[in-house]
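Asker:
2 protein chains.
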Amino acid sequence: MATGRTHRPATRSRGIPEATVARLPLYLRALTALSERSVPTVSSEELAAAAGVNSAKLRKDFSYLGSYGTRGVGYDVEYLVYQISRELGLTQDWPVVIVGIGNLGAALANYGGFASRGFRVAALIDADPAMAGKPVAGIPVQHSDNLEKIIQDNGVSIGVIATPAGAAQPVCDRLVAAGVTSILNFAPTVLTVPDGVDVRKVDLSIELQILAFHEQRKAGEDAHTDGTGPAAVTREEPTEAAASADQGPDGDVPAVMPA
Amino acid sequence: MATGRTHRPATRSRGIPEATVARLPLYLRALTALSERSVPTVSSEELAAAAGVNSAKLRKDFSYLGSYGTRGVGYDVEYLVYQISRELGLTQDWPVVIVGIGNLGAALANYGGFASRGFRVAALIDADPAMAGKPVAGIPVQHSDNLEKIIQDNGVSIGVIATPAGAAQPVCDRLVAAGVTSILNFAPTVLTVPDGVDVRKVDLSIELQILAFHEQRKAGEDAHTDGTGPAAVTREEPTEAAASADQGPDGDVPAVMPA
DNA sequence: ATGTCTTTGTGAACGCGTGCACAAAGATGG
DNA sequence: CCATCTTTGTGCACGCGTTCACAAAGACAT
Numbered sequence: 001m002a003t004g005r006t007h008r009p010a011t012r013s014r015g016i017p018e019a020t021v022a023r024l025p026l027y028l029r030a031l032t033a034l035s036e037r038s039v040p041t042v043s044s045e046e047l048a049a050a051a052g053v054n055s056a057k058l059r060k061d062f063s064y065l066g067s068y069g070t071r072g073v074g075y076d077v078e079y080l081v082y083q084i085s086r087e088l089g090l091t092q093d094w095p096v097v098i099v100g101i102g103n104l105g106a107a108l109a110n111y112g113g114f115a116s117r118g119f120r121v122a123a124l125i126d127a128d129p130a131m132a133g134k135p136v137a138g139i140p141v142q143h144s145d146n147l148e149k150i151i152q153d154n155g156v157s158i159g160v161i162a163t164p165a166g167a168a169q170p171v172c173d174r175l176v177a178a179g180v181t182s183i184l185n186f187a188p189t190v191l192t193v194p195d196g197v198d199v200r201k202v203d204l205s206i207e208l209q210i211l212a213f214h215e216q217r218k219a220g221e222d223a224h225t226d227g228t229g230p231a232a233v234t235r236e237e238p239t240e241a242a243a244s245a246d247q248g249p250d251g252d253v254p255a256v257m258p259a
Numbered sequence: 001m002a003t004g005r006t007h008r009p010a011t012r013s014r015g016i017p018e019a020t021v022a023r024l025p026l027y028l029r030a031l032t033a034l035s036e037r038s039v040p041t042v043s044s045e046e047l048a049a050a051a052g053v054n055s056a057k058l059r060k061d062f063s064y065l066g067s068y069g070t071r072g073v074g075y076d077v078e079y080l081v082y083q084i085s086r087e088l089g090l091t092q093d094w095p096v097v098i099v100g101i102g103n104l105g106a107a108l109a110n111y112g113g114f115a116s117r118g119f120r121v122a123a124l125i126d127a128d129p130a131m132a133g134k135p136v137a138g139i140p141v142q143h144s145d146n147l148e149k150i151i152q153d154n155g156v157s158i159g160v161i162a163t164p165a166g167a168a169q170p171v172c173d174r175l176v177a178a179g180v181t182s183i184l185n186f187a188p189t190v191l192t193v194p195d196g197v198d199v200r201k202v203d204l205s206i207e208l209q210i211l212a213f214h215e216q217r218k219a220g221e222d223a224h225t226d227g228t229g230p231a232a233v234t235r236e237e238p239t240e241a242a243a244s245a246d247q248g249p250d251g252d253v254p255a256v257m258p259a
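Protein chains in written order, with this note's numbering: chain A, 1 to 259; chain B, 1 to 259.
(1) Could you run through the region 126-152 of chain A and flag, in chain order, every residue whose CB is less than 7 angstroms away from some CB of chain B?
(2) Would you mind telling me which residues of chain A sit closer than 8 angstroms to B:Leu-47, beta carbon to beta carbon, in chain order?
(3) Would you say B:Lys-57 lies against chain A (beta-carbon separation less than 8 angstroms)?
(4) Cβ of B:Ala-167 less than 8 angstroms from any chain A Cβ?
(5) Quick one: Cα of A:Val-42 to Cα of A:Ala-22, how far?
(6) What three-state label does DSSP hand A:Tyr-111 in the structure shown?
(7) Taking 8 angstroms as the threshold (C-beta atoms), are B:Leu-24 and A:Ala-212 in contact?
(8) Under the three-state reduction of DSSP, which class applies to A:Thr-70: helix, strand or coil?
(9) Relative to the C-alpha of B:Ile-84, which candidate in B:Leu-65, B:Ala-106, B:Gly-220 has its C-alpha closest?
(10) Should A:Pro-194 go down as buried or exposed, given a rule of 16 or more other Cβ atoms within 10 Å for buried?
(11) Give the range of the alpha helix (DSSP H) segment to which B:Leu-58 is assigned.
(12) Looking at B:Gly-100: is its Cβ nearer than 8 angstroms to the Cβ of B:Ile-161?
(13) Report the option in A:Lys-60, A:Asp-128, A:Ser-67, A:Arg-71 whose CA atom is closest to the CA atom of A:Ala-17.
(14) Quick check on DSSP: helix, strand or coil for B:Pro-188?
(15) So A:Ala-107 and B:Leu-104 are supposed to be a Cβ contact under 8 angstroms. How far apart are they, rounded?
(16) Whole alpha helix (DSSP H) runs in the region 22-52 of chain A with 4 or more residues, listed along the chain?
(17) Rounded to a whole number of angstroms, what is the C-alpha to C-alpha distance between A:Gly-118 and A:Tyr-79?
(18) Determine, using beta carbons only, whether B:Leu-26 comes closer than 8 angstroms to chain A.
(19) Mind checking whether A:Val-121 and A:Ala-132 have CB atoms under 8 angstroms apart?
(20) Among A:Ala-187, A:Leu-191, A:Ser-157, A:Phe-186, which one has its Cα closest to the Cα of A:Asp-173?
(21) With H, G and I counted as helix, E and B as strand and the rest as coil, what does DSSP make of B:Pro-170?
(22) What does B:Thr-181 reach in chain A if we use C-beta pairs closer than 7 angstroms?
(23) Suppose contacts are defined by Cβ-Cβ distances below 8 angstroms. Is B:Ile-125 in contact with B:Ile-158 by that definition?
(24) Can you give me the start and stop residues for the beta strand (DSSP E) that A:Ile-158 sits inside?
(25) With a threshold of 8 angstroms between beta carbons, is A:Ala-281 in contact with chain B?
(26) Counting only Cβ-Cβ distances shorter than 8 angstroms, please list the residues of the region 193-211 of chain A near chain B, keeping chain order.
(27) Measure from the C-beta of B:Ile-101 to each C-beta in chain A and report whether the shortest distance is under 8 angstroms.
(28) Give me the Cα-Cα distance between A:Pro-329 and A:Tyr-75, rounded to the nearest whole angstrom.
(29) Quick one: list the residues of chain A neighbouring B:Ile-98, beta-carbon separation under 7 angstroms, in chain order.
(30) Consider the Cβ of A:Ile-161: report whether some Cβ of chain B lies at a distance smaller than 8 angstroms.
(31) Within 8 angstroms (strictly less), CB to CB, does A:Leu-175 reach chain B?
(32) Shorter than 8 angstroms from the beta carbon of A:Ala-187 to some beta carbon of chain B?
(33) So which residues on chain A does B:Leu-283 lean against when the C-beta distance must stay under 9 angstroms?
(34) Residues of chain B with a CB under 7 angstroms from the CB of A:Val-21: which are they?
(35) Within the region 125-159 of chain B, note down every full beta strand (DSSP E) run reaching 3 residues or more, in order along the chain.
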């Protein structure tokens with residue numbers, strides 16, 4: 001759903017539905033937790049509850065991977081962890097670069113989930129010369145002049161963009177030109193990439209706006225049945241054409257400091 | 001898709017499909033950019049290109065809001081900005097609390113996109129006493145002991161959780177008990193909430209794993225037709241039950257420092 | 001006023017994802 | 001070896017979302 005490409009060819013890769021792929025990491029996390037508690041097997045019912053999904057859906061998802069369960073018993077936790085890891089490509093080592101080491105970039109660099117699952121932060125890159133050499137999460141930041149060389153020397157195919165919105169597309173272009181074929185974009189912009197390159201987007205502002213929509217709906221349903229609703233400071237309605245002036249100083253401020 | 005509730009009642013709220021709601025912020029961003037450039041009208045084709053979607057989809061989306069376009073001309077930018085803002089509830093003032101002021105929490109607090117669109121960071125909350133009083137993004141961090149009072153005093157209905165995984169559910173419970181009905185969760189955990197509370201999840205690790213899947217598939221298709229693929233350091237295959245030991249020190253490390 | 005041209009709004013078909021419900025498969029006990 | 005019980009794997013139906021394709025609507029020129 002968030003592949004970002006305008007013309008996604010319904011990538012039912014080797015028969016595994018996109019929706020299923022999106023849930024595999026969820027299952028993997030639940031299974032890893034069980035594995036740590038040395039639980040040998042789980043039923044689809046239990047695992048589904050742990051992952052927060054329907055048990056029928058889970059069984060169907062697993063059926064795309066093959067028949068890894070035992071009827072009357074359930075699934076072997078260790079075996080399933082391995083199969084899902086392999087399916088997701090996590091048995092490989094994926095070097096990743098993070099471009100734009102502001103607040104968010106630093107948070108990502110410090111994110112433990114990277115290292116623990118086949119991902120390795122190969123380099124941190126920022127356009128600010130003052131950042132160069134400064135260690136973040138134990139890794140020295142490199143200047144973006146060296147971006148292409150870094151990509152090629154490390155065989156990087158996955159890039160994370162955490163720059164301001166304005167810098168995102170140029171950075172994206174350089175990443176792609178240097179050989180990156182998968183991009184995780186945190187900048188609030190639509191990225192244009194050539195075919196064959198995957199883009200996934202994470203947008204904090206959008207998530208909040210969706211929440212606000214539902215929140216407003218809730219408040220509307222309970223309308224004046226309680227006084228404890230949200231601070232209903234409804235702004236005055238603009239007269240058909242004067243809305244954007246008070247919309248904010250800038251369309252969408254980047255999630256990070258200038259890179 | 002990420003509402004989080006196990007049993008989502010297909011919330012076709014007032015006839016607006018969930019998928020459409022998820023795209024409205026995208027349109028709004030593109031429209032705001034046009035508005036800043038003082039563009040008076042746009043066609044569905046132009047706007048769709050800017051938002052990265054199909055033009056027919058865009059028109060259908062707008063049709064759920066009403067007939068705001070003029071045939072032969074297009075849509076009035078300012079008017080549409082207002083209509084979408086109103087539909088999303090962004091003409092209201094939404095006080096938001098961020099719980100867990102680690103790297104990620106700080107990045108969120110500094111995120112300009114919050115303030116610019118009806119969202120106001122009402123408070124930053126952390127469990128670490130050493131953080132209390134320390135200003136982050138110009139706002140002093142408050143201790144989580146005061147969580148309930150902060151929520152109620154500010155009429156907060158939207159909470160952002162950026163704590164470690166272990167702390168997320170307890171924090172969530174306290175937020176809900178204090179009156180929060182919408183939660184944006186950055187912790188890598190499935191949150192359980194009562195009916196009527198919306199949860200949206202943002203999970204960096206999952207996004208990366210989905211990218212890795214597609215990346216692996218690409219590499220598999222080009223299999224040994226080039227040598228420049230990803231660093232294909234395929235780990236040795238475990239003998240059916242020994243996978244989780246090298247899976248990483250901890251199931252899923254929180255995105256932030258302990259709160 | 002009339003015709004042409006552009007662009008919207010939407011009816012209809014299609015495909016994907018979800019969930020039910022059940023048969024098949026294997027474990028387990030006697 | 002047979003009966004019973006549990007749990008998987010899946011056929012099927014349904015609903016949502018996407019896309020095509022076109023008629024209706026308005027602008028604009030003559």
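Built from N, CA and C at the ideal position, the CB exists for glycine as well. Note that the structure is a prediction, hence the values are computed from the model and not measured.
Answerer: Short version:
(1) none
(2) Indexing the second sequence from 1 puts residue 47 of chain B at position 47. Those do not exist, as B:Leu-47 stays about 12 angstroms from chain A at its closest Cβ, beyond 8 angstroms.
(3) Here residue 57 of chain B is taken as the residue at index 57 of the second sequence, counted from 1. Output row for B:Lys-57: interface = no.
(4) Locating residue 167 of chain B in the second sequence gives position 167, where the first residue counts as 1. Closer than 8 angstroms: no.
(5) Position 42 of the first sequence, counted from the start, is the residue given in the question as residue 42 of chain A. Position 22 of the first sequence, counted from the start, is the residue given in the question as residue 22 of chain A. Between A:Val-42 and A:Ala-22, the C-alpha separation is close to 21 angstroms.
(6) As a working note, residue 111 of chain A is residue 111 in the first sequence. Of the three classes helix, strand and coil, the one that applies to A:Tyr-111 here is coil, per DSSP.
(7) Here the question's residue 212 of chain A lines up with position 212 in the first sequence. Here the question's residue 24 of chain B lines up with position 24 in the second sequence. No, they are not a contact pair.
(8) Position 70 of the first sequence, counting from 1, holds the residue named residue 70 of chain A. The answer is strand: DSSP assigns A:Thr-70 an E or B state.
(9) For the purposes of this step, residue 84 of chain B is taken as residue 84 along the second sequence, with counting starting at 1. Of the candidates B:Leu-65, B:Ala-106, B:Gly-220, the one whose C-alpha sits nearest the C-alpha of B:Ile-84 is B:Leu-65.
(10) Here residue 194 of chain A refers to the residue found at position 194 when the first sequence is read from its first residue. A:Pro-194 is exposed by the Cβ-count criterion.
(11) One-based indexing of the second sequence puts residue 58 of chain B at position 58. That run of the alpha helix (DSSP H) goes 55-65.
(12) Along the second sequence, read from residue 1 onward, the residue named residue 100 of chain B stands at position 100. Along the second sequence, read from residue 1 onward, the residue named residue 161 of chain B stands at position 161. Against a cut-off of 8 angstroms, the Cβ pair of B:Ile-161 and B:Gly-100 comes out as a contact.
(13) The residue you call residue 17 of chain A lines up with position 17 of the first sequence. Reading the sequence as shown, one finds Pro at residue 17 of chain A and not Ala. Of A:Lys-60, A:Asp-128, A:Ser-67, A:Arg-71, the residue nearest in Cα terms is A:Lys-60.
(14) Reading the second sequence from its first residue, position 188 is the one you call residue 188 of chain B. Three-state DSSP puts B:Pro-188 in coil, outside helix and strand.
(15) As a first step, residue 107 of chain A is located in the first sequence; it is residue number 107 there, counting from the start. As a first step, residue 104 of chain B is located in the second sequence; it is residue number 104 there, counting from the start. Sure, about 4 angstroms apart at Cβ, within 8 angstroms.
(16) 44-51
(17) Position 118 of the first sequence, counted from the first residue, corresponds to residue 118 of chain A. Position 79 of the first sequence, counted from the first residue, corresponds to residue 79 of chain A. If I take the Cα positions, the gap works out to 18 angstroms.
(18) Position 26 of the second sequence, counted from the first residue, corresponds to residue 26 of chain B. Cβ-Cβ to chain A under 8 angstroms: yes for B:Leu-26.
(19) Residue 121 of chain A sits at position 121 when you count from the first residue of the first sequence. Residue 132 of chain A sits at position 132 when you count from the first residue of the first sequence. No, the pair does not count as a contact, with Cβ atoms beyond the cut-off.
(20) Counting from 1 along the first sequence, the entry for residue 173 of chain A is found at position 173. With distances taken between Cα atoms, A:Asp-173 lies closest to A:Leu-191.
(21) Taking the first residue of the second sequence as position 1, residue 170 of chain B is located at position 170. Looking at B:Pro-170 - three-state DSSP - the assignment turns out to be helix.
(22) Reading the second sequence from its first residue, position 181 is the one you call residue 181 of chain B. Result: Glu-215, Lys-218.
(23) By one-based count along the second sequence, residue 125 of chain B stands at place 125. By one-based count along the second sequence, residue 158 of chain B stands at place 158. No, these two residues do not count as a Cβ contact at 8 angstroms.
(24) Here residue 158 of chain A refers to the residue found at position 158 of the first sequence. It spans 158-161 - the beta strand (DSSP E) in which A:Ile-158 sits, taken as one unbroken run.
(25) An answer regarding residue 281 of chain A cannot be provided, because it is not within the stretch 1 to 259 covered by chain A.
(26) Gly-196, Asp-198, Arg-200, Val-202, Asp-203, Leu-204, Ser-205, Ile-206, Glu-207, Leu-208, Gln-209, Ile-210, Leu-211
(27) The residue you call residue 101 of chain B lines up with position 101 of the second sequence. Not an interface residue.
(28) In the structure as shown, chain A starts at 1 and stops at 259, and residue 329 of chain A therefore has no counterpart that could be examined.
(29) By one-based count along the second sequence, residue 98 of chain B stands at place 98. Near B:Ile-98 there are no residues of chain A at all, since even the closest Cβ is about 11 angstroms away, more than 7 angstroms.
(30) Here residue 161 of chain A refers to the residue found at position 161 when the first sequence is read from its first residue. No, its Cβ sits nowhere closer than 8 angstroms to a Cβ of chain B.
(31) Translated into the one-based positions of the first sequence, residue 175 of chain A becomes position 175. By this cut-off, A:Leu-175 is not an interface position.
(32) The residue given as residue 187 of chain A occupies position 187 in the first sequence. No - not a single Cβ of chain B is within 8 angstroms of the one on A:Ala-187.
(33) Only positions 1 to 259 of chain B appear in the structure, and residue 283 of chain B is not among them; the question remains open.
(34) The residue labelled residue 21 of chain A in the question sits at position 21 within the first sequence. The contacting residues are Ile-210, Phe-213.
(35) 139-143
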